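Take the sequence shown: its position 330, counted from the start at 1, is 314 in the working numbering, and no numbers get skipped.
Shown next, in structure tokens, is the structure this report addresses.
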Amino acid sequence: MSFHTLGLSKPIIDAVSEIGYETPTPIQEKVIPHILQGKDIFATAKTGSGKSAAFLLPLFQHINRERDTEKFLHVKVLILVPTRELARQIYASTQKYGSKLDVKTQLILGGGNINPQIDALKLGCEIIVATPGRLNDLIKVKAVNLNKVEHLVLDEADTMLDMGFLSELDSIFALLNPKRQNLLFSATHSGKVKFFAEKILVSPKRIDMDPPGGAAKNISQVAYMTDREKKMDLLCYLVGSRNYSQVLIFSSTRAEVDTIQKELASAGLKADVIHGERTHGARHKALERFREGKVRILVATDIAARGLDIPDLPCVINFDMPQSKEDYIHRIGRTGRAGKSGEAISLLSVDEDEMFKSIERMIKIKIPKENFKGYERELVHVKMDRRYQEEQKKQKTKGAFGESRAKAAAKSKKITKRDFRYAKS
Ligand code: AMP
């Protein structure tokens, strides 16, 4: 299939062939014709599948057809995304894909001074790429008019909901033209997203690109079973000894991201970090340096790394398990982008086994669990030990109350989740 057969017009096809795209990706094949027909879309597609072009190319075509005759440019397309990084990335894509068209796009994101954005909006634009918080701030000061929006895109809608943007989104939707096209993209189809989609979309075309749970087939996944206190050494060993051109390391907490950076540095491995406590400028700079290949190792928290697009990233390492199952898909989706193969390694301590199992259930894949020589686990679930403890207890009870009392006591003791603490085997 070619871009031409999808119904795209010449200036748009010219722009994509100039970039070097030869054929549409599967999501582009499935989505573009429906968007051109004006349908609402509810698509679950993994990150890195080419979904930005899947919505931007047909939307450019719509805008190009509906050019304003009035001098002032009205906002026709509103693209809402959860993070500043993703907003920047999509804005960059609008410049790339729209290079043969005279379409003006405005980037709206928080963190910096609001005044330049107010001034820029006064000049008019046809596309806005925004994070919901800052867009709401601009709405409050009446700096933006959205009543002519004809196409709404919600990218990484699941993340926007996880980040608690629902009320901001509702107040934005209230200002939009009710007769509009809605395109919703999500990495996962959790109940929350489905409920949200039902509220917003009108007879949407449902497109599911991935197996349930959204894990990509071209990413090889493995978990090394180790102990928490051995993780740092194992990480340094993996990064130091394997010849990855670049590696992205995830940890759930900011403090740990900083510690990992320090430990890597003391092993002679220079790494950059991105997390919420770094300034907007520092995060942006770190991302750019990593994207340009100037830095080989990047350590990040989940939120900071959303939307990160590095086409050739060969490896992602999960220093810990994320706090939500969906974040696992986001993390590993940073590798294996645009059809390339990738590797996702998880360092798994005993206290994370439950979360790991629930991730496996969600992605419907049994991830190989391996021992890494020299870094094997010494800790086991207390559940294993409990058998011994129960046995001891039984013996004691037996002595005090006799056989029947012991049986009853053993039966009534149910092992709960709270018992999953770990102890030396
Ligand atoms: P996205 O999922 O939109 O973030 O895109 C992931 C990566 O795929 C980006 O680096 C895009 O430049 C690239 N890409 C998008 N569409 C195509 C295509 N048709 N052929 C080759 N690469 C593509």
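Glycine included, every Cβ here is placed at the ideal spot set by N, Cα and C.
Computed from a prediction, not measured in an experiment: that's the story for all the values here.
Is the Cβ-Cβ distance between residue i and residue j less than 8 Å?
i, j, result
"Ile19", "Leu159", "no"
"Ile111", "Val61", "yes"
"Ser83", "Ala29", "no"
"Ile316", "Gln205", "yes"
"Asp24", "Ser187", "yes"
"Ile3", "Leu41", "no"
"Asp154", "Ser174", "no"
"Phe410", "Phe303", "Outside the shown range of the chain (-15 to 409) lies residue 410, about which nothing can therefore be said."
"Arg68", "Gly108", "no"
Helix, strand or coil for residue i per DSSP?
i, result
"Glu310", "helix"
"Thr237", "coil"
"Val137", "strand"
"Met(-15)", "coil"
"Tyr5", "coil"
"Leu57", "coil"
"Met209", "strand"
"Phe26", "strand"
"Leu62", "strand"
"Asp304", "coil"
"Asn227", "coil"
"Ile410", "A question about residue 410 goes unanswered here, because the residues of the chain that appear run from -15 up to 409."
"Asn166", "strand"
"Leu282", "strand"
"Ser204", "strand"
"Gly175", "helix"
"Thr78", "helix"
"Asp192", "strand"
"Ile294", "coil"
"Ala114", "strand"
"Gln90", "strand"
"Lys397", "Because Lys397 carries a pLDDT of 44, less than 50, the predicted location of this residue cannot be relied on, and the following value inherits that uncertainty. Note: Lys397 maps to coil in three-state DSSP."
"Ser330", "strand"
"Ala251", "coil"
"Leu232", "strand"
"Cys299", "strand"
"Val0", "helix"
Under 7 Å Cβ to Cβ from residue i, same chain only, skipping five residues before and after it: list those, please.
i, result
"Ser36", "Ile74 and Ser77"
"Phe356", "Tyr208, Thr210 and Leu218"
"His46", "His135"
"Glu152", "Pro116, Gly117 and Asn120"
"Lys309", "Ser342, Ile343 and Met346"
"Gly34", "Thr9, Ile11, Gln12 and Ala322"
"Arg190", "Phe26"
"Phe(-13)", "Ile(-3), Val0 and Pro8"
Give me the residue from the options with the minimum Cα distance to residue i.
i, options, result
"Val128", "Leu138, Gln101 and Ile11", "Gln101"
"Ile287", "Cys299, Ile258, Met305 and His268", "Ile258"
"Gly32", "Glu140, Val223 and Arg212", "Glu140"
"Asp337", "Glu327, Ala328, Ser325 and Lys353", "Lys353"
"Asp86", "Cys299, Pro116 and Leu57", "Leu57"
"Leu232", "Asp311, Leu(-8), Gln307 and Arg318", "Arg318"
"Gly422", "Ile343, Leu93, Leu150 and Pro(-5)", "Beyond the ends of the chain as shown, which are -15 and 409, falls residue 422; an answer cannot be given."
"Ile98", "Lys80, Lys269 and Lys126", "Lys126"
"Gly224", "Ala255, Leu107, Thr243 and Lys88", "Ala255"
"Gln411", "Gly22, Phe39, Ala114 and Ile16", "No statement about residue 411 is possible, as the shown extent of the chain runs from -15 to 409 and does not include it."
"Gln79", "Gln307, His314 and Phe44", "Phe44"
"Ala38", "Ile301, Gly(-9) and Cys109", "Gly(-9)"
"Asn131", "Ile156, Ile184, Met147 and Leu105", "Ile156"
Using a Cβ-Cβ distance under 8 Å, would residue i count as near chain B?
i, result
"Thr89", "Among the chains of the structure shown, chain B does not appear; only one protein chain is present."
Return the chain-ordered list of same chain residues with a C-beta closer than 8 Å to the C-beta of residue i, the five sequence neighbours on each side being excluded.
i, result
"Val133", "Val59, Lys60, Val61, Leu62, Leu160, Asn161 and Arg164"
"Gly260", "Arg238, Thr285, Ile287 and Ala288"
"Arg361", "Met209, Thr210, Asp211, Ser333, Val334 and Asn355"
"Met(-15)", "Thr7, Pro8 and Glu13"
"Cys220", "Glu247, Leu248, Ala251 and Leu253"
"Asn202", "Gly320, Gly323, Lys324, Ser325 and Gly326"
"Phe179", "none"
"Ala171", "Thr28, Ala29, Lys30, Thr31, Glu140, Asp142, Thr143, Gly198, Glu310, Ile313, His314 and Gly317"
Spatial neighbours of residue i within its chain, please: C-beta separation below 6 Å, excluding the five flanking residues on both sides.
i, result
"Lys214", "Tyr359"
"Gln230", "Arg280 and Leu297"
"Ala392", "The predicted model places Ala392 with a pLDDT of 41, which falls under 50 and marks its position as unreliable; any figure quoted below should be read in that light. Taken in chain order, the list of residues that qualify is empty."
"Leu282", "Leu232, Asp256 and Phe274"
"Phe149", "Pro116"
"Ser330", "Ala207 and Asn302"
"Ala181", "Phe26 and Leu168"
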